[in-house]
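**Student:**
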Ligand SMILES: Cc1cc2nc3c(=O)[nH]c(=O)nc-3n(C[C@H](O)[C@H](O)[C@H](O)COP(=O)(O)OP(=O)(O)OC[C@H]3O[C@@H](n4cnc5c(N)ncnc54)[C@H](O)[C@@H]3O)c2cc1C
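In the numbering used here, the protein residues as written are 98 to 913.
#1: Assuming residue 406 and residue 393 form a contact by the criterion Cβ under 8 Å, report the distance between their Cβ atoms to the nearest whole angstrom.
#2: Give me whichever residues DSSP pairs with residue 374 in a beta bridge.
#3: If you drop the 5 nearest sequence neighbours on each side, which residues of the same chain put their C-beta closer than 6 Å to that of residue 300?
#4: To the nearest angstrom, how far is it from the Cα of residue 208 to the Cα of residue 663?
#5: Pick from 129, 114, 115: whose alpha carbon is nearest that of residue 103?
#6: Three-state secondary structure (DSSP) at residue 804?
#7: Which of the three DSSP states is assigned to residue 664 in this structure?
#8: Sorry if obvious, but does the Cβ on residue 428 come closer than 7 Å to a heavy atom of ligand 1?
#9: Hey, could you find the ends of the alpha helix (DSSP H) residue 408 is sitting in?
#10: Helix, strand or coil: how does DSSP classify residue 288 here?
#11: Can residue 715 be considered in contact with ligand 1, in the sense that its beta carbon sits closer than 7 Å to one or more heavy atoms?
#12: With DSSP collapsed to three states, give me the class of residue 583.
#13: Could you give the C-beta distance for residue 111 and residue 124, rounded to a whole number, given that I count them as a contact under 8 Å?
#14: So, for residue 162: in the same chain, excluding its five sequence neighbours on each side, which residues have a beta-carbon less than 8 Å away from its beta-carbon?
#15: Near residue 560, what residues of its chain come up, given a Cβ to Cβ distance below 6 Å and the 5 sequence neighbours on each side ignored?
#16: According to the neighbour-count rule (16 or more other Cβ atoms, all chains shown, within 10 Å of its Cβ), is residue 229 buried or exposed?
#17: Suppose only complete runs of 4+ residues qualify. What are the alpha helix (DSSP H) ranges in the segment 269-352, listed by chain order?
#18: Considering only heavy atoms of ligand 1, does any lie closer than 7 Å to the CB of residue 129?
#19: Can you tell which of 718, 335, 173 has the C-alpha that lies nearest to the C-alpha of residue 201?
#20: Flag residue 467 as yes when its Cβ comes closer than 7 Å to any non-hydrogen atom of ligand 1, and as no otherwise.
#21: Within a Cβ cutoff of 6 Å, which residues of the same chain sit near residue 498, ignoring the five residues on either side of it in sequence?
#22: Three or more C-beta pairs closer than 8 Å, one from the segment 590-602 and one from the segment 252-271: is that the case here?
#23: Using only the heavy atoms of ligand 1, determine whether one of them is closer than 7 Å to the beta carbon of residue 335.
#24: Beta strand (DSSP E) containing residue 421: first to last residue?
#25: Given a threshold of 16 other Cβ atoms within 10 Å of its Cβ, counted over all protein chains shown, does residue 500 qualify as buried or as exposed?
#26: Can you name the start and end residues of the beta strand (DSSP E) that residue 389 belongs to?
#27: Report the option in 762, 771, 597, 548 whose CA atom is closest to the CA atom of residue 473.
#28: Pairing CB atoms from the segment 451-466 with CB atoms from the segment 307-318, are three or more of them under 8 Å?
#29: Check whether the Cβ atoms of residue 354 and residue 370 sit closer than 8 Å, and answer yes or no.
#30: Could you tell me the distance, in whole angstroms, from the CA atom of residue 714 to the CA atom of residue 745?
#31: Where do the N-terminal and C-terminal ends of the alpha helix (DSSP H) with residue 627 fall, by residue?
#32: Among the residues of its own chain, which have a CB less than 6 Å from the CB of residue 275, if the five just before and after it don't count?
#33: Can you determine whether any heavy atom of ligand 1 sits closer than 7 Å to the C-beta of residue 636, and answer yes or no?
#34: Just to confirm before moving on: does the CB-CB distance between residue 442 and residue 391 stay below 8 Å?
#35: Please give the ranges of any alpha helix (DSSP H) in the segment 440-516, keeping only runs that are unbroken, at least 4 residues long and fully inside the region.
#36: Compare the Cα-Cα distances from residue 173 to each of 781, 622, 679 and report the closest residue.
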């Protein structure tokens with residue numbers, strides 16, 4: 098009996114010590130004391146075993162002992178197996194900063210650190226811009242007209258965007274820019290997402306491009322010249338990195354700049370002769386200044402000893418001799434300005450290099466360092482914005498569209514996609530605004546930017562597909578009345594640009610995060626590079642403590658023992674505790690995968706992607722919980738939070754299960770699965786009752802719907818293009834009155850109290866009024882309501898030859 102008791106106390110004590118990562122001394126003390134008790138009270142075998150355990154802890158855990166025999170061996174093995182970090186990867190790893198992503202990697206997230214990034218409101222000026230200027234700009238857009246009639250934004254909109262400073266949101270006020278916070282930039286882009294061409298046109302110059310590069314690296318002359326001109330739209334920039342041979346692997350670009358002497362403004366100067374071919378360059382067809390990335394060579398040693406200086410970025414005015422620019426590509430769905438740029442032996446002076454000659458060869462570092470912030474904002478904001486419009490339109494349409502005598506929103510099959518859109522939009526908005534908020538606190542989120550870009554644009558793809566489905570033929574039919582179809586078609590643009598999603602998910606999120614966010618791996622690699630044994634010892638044994646700690650936390654939390662205290666209310670707290678549990682399991686599995694696969698993990702992209710999925714879903718859940726914690730929540734929002742958190746945590750657990758199913762080392766996989774999920778799956782998909790409640794709320798004039806479509810263009814001013822969202826909102830406000838009237842009329846018709854030939858709703862309203870079933874007021878109301886409903890159900894039709902570019906080639910069919 099005593100033996101058993103000693104073993105149980107020893108195991109429980111060790112787990113407790115491991116959970117707290119309390120170090121070797123407490124473990125040593127525990128084993129020595131229990132061993133002594135065993136020997137004194139007659140449990141000699143167990144007592145001796147406990148002392149042997151204490152000996153093992155001492156030789157492995159006490160620095161003075163282990164540094165003599167264990168650490169040198171580990172160091173030698175580590176040097177052999179540690180992945181080689183290429184120069185390109187090193188630059189990516191060094192860019193940006195680590196915040197909440199690092200907490201999730203630690204397996205012991207300190208929620209207060211997240212909450213310390215208190216969210217501030219937009220300034221009055223920023224909010225006014227979102228309310229006014231963004232509404233005016235949105236109100237000039239009709240998707241069909243922009244995409245098909247003119248294949249461009251209207252000229253008055255271009256003028257307005259330039260005049261109001263839309264292209265200078267990131268430019269400081271001293272240069273004439275708006276100097277908006279990251280949150281305000283996001284709010285602007287979310288509102289402009291009502292039209293994808295508008296969103297991209299404004300998003301790109303404010304994201305990665307000359308503006309950002311100049312601000313960070315430009316010489317004073319370059320800043321003074323370009324920034325005021327970019328801020329007020331006198332200059333329209335583009336940035337050319339991609340070409341026919343270099344896409345995702347952008348550093349392989351074959352475009353060259355060779356240092357030589359040449360003529361500039363009649364003078365003989367030192368410069369670069371550029372030969373390049375770029376494609377898919379956004380804004381290129383109308384750009385006045387081109388940011389160009391190329392490989393710089395100095396074969397004649399005119400600058401020094403280095404012949405291959407590396408990737409370099411320069412700013413080149415459009416009218417530079419030899420520049421071929423102006424042709425257009427035709428991106429799917431959207432006619433935003435995009436085209437190729439070519440040049441053969443284009444001579445530019447050296448001071449057109451961004452940052453001057455000093456920054457020659459620093460182009461890749463510059464791009465990577467600038468990329469993270471823009472990538473967190475532009476496309477994720479577009480996804481959040483279009484998702485919220487999709488929700489507004491889908492909720493509105495499914496309420497007014499009646500089939501089988503019911504609004505289709507009342508049908509469970511339709512409720513499923515409606516709730517999904519709501520959850521995706523809710524998560525996307527929380528993620529983008531909360532991450533923008535960390536940027537406003539000075540964080541440069543590198544790994545979250547990859548998470549947001551890929552996850553939210555995938556959400557966008559799902560939201561648009563769901564919204565299309567619930568609209569049926571209404572949005573399949575293109576024309577001026579179709580507010581959704583063109584955005585749906587344009588979706589692959591967001592999936593592909595700024596790091597194509599497949600690569601971002603498979604290669605970057607975990608691949609970069611594992612080293613970047615891990616509390617110890619960077620230190621271990623640095624120790625290896627510097628051949629620094631004491632530094633390695635410190636990092637590796639802290640790392641070991643973390644591994645044991647994560648195992649103990651994941652296992653005990655998986656059994657429901659010792660839930661951590663979290664600073665959230667009773668609705669959010671269980672999800673925060675699940676995040677903590679899965680974060681411990683994630684930390685453990687990340688280490689196990691790295692240790693078991695070593696540098697081979699780079700090639701096992703499917704495993705890396707699943708680890709990335711766990712991290713992504715935990716990150717998104719955390720953003721949601723923070724938003725919930727900080728905001729005034731409305732009726733039904735708790736249900737949406739439950740739905741969203743359960744969806745994300747279920748996805749995280751699913752990724753774990755697929756990881757365990759596919760880890761090549763089966764014994765390791767079984768052990769990890771037993772530790773991380775001792776009771777099997779714990780996070781289930783949301784219950785159907787949540788789906789029904791959310792779908793009803795977002796398809797009626799509810800506080801939840803109003804909150805989800807806050808800060809979208811939902812007003813209708815005179816002179817503006819038709820705003821379907823405003824019309825749906827008005828219809829939903831009226832539908833509470835209309836619904837009982839519909840039911841009364843349908844019941845009377847069913848009973849044969851109205852003429853059988855009254856098949857149209859309008860005819861039934863008249864018949865019901867004549868039969869005294871509804872009064873005069875209700876009849877007037879229903880006539881107006883039905884007229885508006887029919888308008889919103891209607892689609893466009895066109896002349897037979899309307900779509901042929903070459904009208905001459907149209908064959909008129911013989912239909913006689
Ligand atoms: C409309 C549009 C606008 C653009 N605007 C600009 C611009 O303004 N400036 C600019 O410089 N570029 C621009 N681009 C280029 C864009 O950034 C690239 O398209 C993108 O980087 C992907 O390159 P790619 O299309 O050549 O795909 P590829 O690199 O050929 O990739 C093909 C597929 O393979 C996947 N893949 C590639 N490598 C890996 C890997 N290691 N692991 C897993 N999967 C991988 C990709 O995810 C993709 O799915 C634009 C592109 C488009 C279509």
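Beta carbons: idealized from backbone N, C-alpha and C, even for Gly.
**Tutor:** In this structure, then:
#1: Here the question's residue 406 lines up with position 309 in the chain shown. Here the question's residue 393 lines up with position 296 in the chain shown. Right, the Cβ-Cβ distance comes to about 4 Å (below 8 Å), so this counts as a contact.
#2: Here residue 374 corresponds to residue number 277 of the chain shown, with the count starting at 1. DSSP output for residue 374 lists 439 as bridge partner(s).
#3: Locating residue 300 in the chain shown gives position 203, counting from the first residue. Within the same chain, residue 300 has close Cβ partners 286, 475.
#4: Along the chain shown, one-based indexing puts residue 208 at 111. Along the chain shown, one-based indexing puts residue 663 at 566. Each residue's alpha carbon lies about 7 Å from the other.
#5: As a working note, residue 103 is residue 6 in the chain shown. The shortest Cα separation from residue 103 among 129, 114, 115 belongs to 129.
#6: Numbered from its first residue, the chain shown carries residue 804 at position 707. DSSP places residue 804 in helix when its eight states are reduced to three.
#7: Start at 1 with the first residue of the chain shown, and residue 664 comes out as number 567. In the structure shown, residue 664 sits in coil (DSSP, three-state: anything other than H, G, I, E or B).
#8: Taking the first residue of the chain shown as position 1, residue 428 is located at position 331. Flag set: Cβ of residue 428 near ligand 1.
#9: Position 311 of the chain shown holds residue 408. Looking at the DSSP string, residue 408 is not in any alpha helix (DSSP H); the run it does join, the beta strand (DSSP E), is 405-414.
#10: Here residue 288 refers to the residue found at position 191 when the chain shown is read from its first residue. Reduced to three states, the DSSP call for residue 288 is helix.
#11: Taking the chain shown and counting its residues from 1, the one referred to as residue 715 is at position 618. Checking every heavy atom of ligand 1 against the Cβ of residue 715, none is found closer than 7 Å.
#12: Taking the first residue of the chain shown as position 1, residue 583 is located at position 486. Residue 583: helix per DSSP, three-state reduction.
#13: The residue you call residue 111 lines up with position 14 of the chain shown. The residue you call residue 124 lines up with position 27 of the chain shown. About 6 Å; that satisfies the 8 Å criterion.
#14: Taking the chain shown and counting its residues from 1, the one referred to as residue 162 is at position 65. Cβ within range, chain order: 155, 156.
#15: Numbered from 1 along the chain shown, position 463 holds the residue referred to as residue 560. Excluding residues within five positions, the ones whose Cβ falls inside 6 Å are 484, 487, 518, 521.
#16: As a first step, residue 229 is located in the chain shown; it is residue number 132 there, counting from the start. Looking at its Cβ environment, which holds fewer than 16 other Cβ atoms inside 10 Å, residue 229 is exposed.
#17: 279-289, 293-303, 307-314, 317-328
#18: Taking the chain shown and counting its residues from 1, the one referred to as residue 129 is at position 32. No, the beta carbon of residue 129 sits no closer than 7 Å to any heavy atom of ligand 1.
#19: As a first step, residue 201 must be located in the chain shown, where it is residue number 104. The candidate whose alpha carbon is nearest that of residue 201 is 718.
#20: Position 370 of the chain shown, counted from the start, is the residue given in the question as residue 467. Result no, Cβ not under 7 Å from ligand 1.
#21: Here residue 498 corresponds to residue number 401 of the chain shown, with the count starting at 1. The answer, listed in chain order, is 505.
#22: no
#23: Walking along the chain shown from the start, residue 335 turns up at place 238. For ligand 1, at least one heavy atom lies less than 7 Å from the Cβ of residue 335.
#24: Reading the chain shown from its first residue, position 324 is the one you call residue 421. Unbroken beta strand (DSSP E) run through residue 421: 420-422.
#25: Numbered from its first residue, the chain shown carries residue 500 at position 403. So residue 500 ends up on the exposed side.
#26: Position 292 of the chain shown, counting from 1, holds the residue named residue 389. That run of the beta strand (DSSP E) goes 386-394.
#27: One-based indexing of the chain shown puts residue 473 at position 376. Comparing Cα positions, the closest option is 548.
#28: yes
#29: Here the question's residue 354 lines up with position 257 in the chain shown. Here the question's residue 370 lines up with position 273 in the chain shown. Yes, the pair counts as a contact, with Cβ atoms nearer than the cut-off.
#30: For this step, residue 714 is matched to residue 617 along the chain shown. For this step, residue 745 is matched to residue 648 along the chain shown. Cα to Cα, residue 714 sits roughly 5 Å from residue 745.
#31: One-based indexing of the chain shown puts residue 627 at position 530. Counting along the chain, the alpha helix (DSSP H) containing residue 627 begins and ends at 618-627.
#32: Counted from its first residue, the chain shown places residue 275 at position 178. Counting only Cβ-Cβ distances below 6 Å, and skipping sequence neighbours, we find 262, 265, 266.
#33: In the chain shown, the residue the question calls residue 636 occupies position 539. No, Cβ of residue 636 sits at least 7 Å from all heavy atoms of ligand 1.
#34: As a working note, residue 442 is residue 345 in the chain shown. As a working note, residue 391 is residue 294 in the chain shown. No.
#35: 460-497
#36: Within the chain shown, numbered from 1, the residue matching residue 173 stands at position 76. Closest by alpha carbon: 622.
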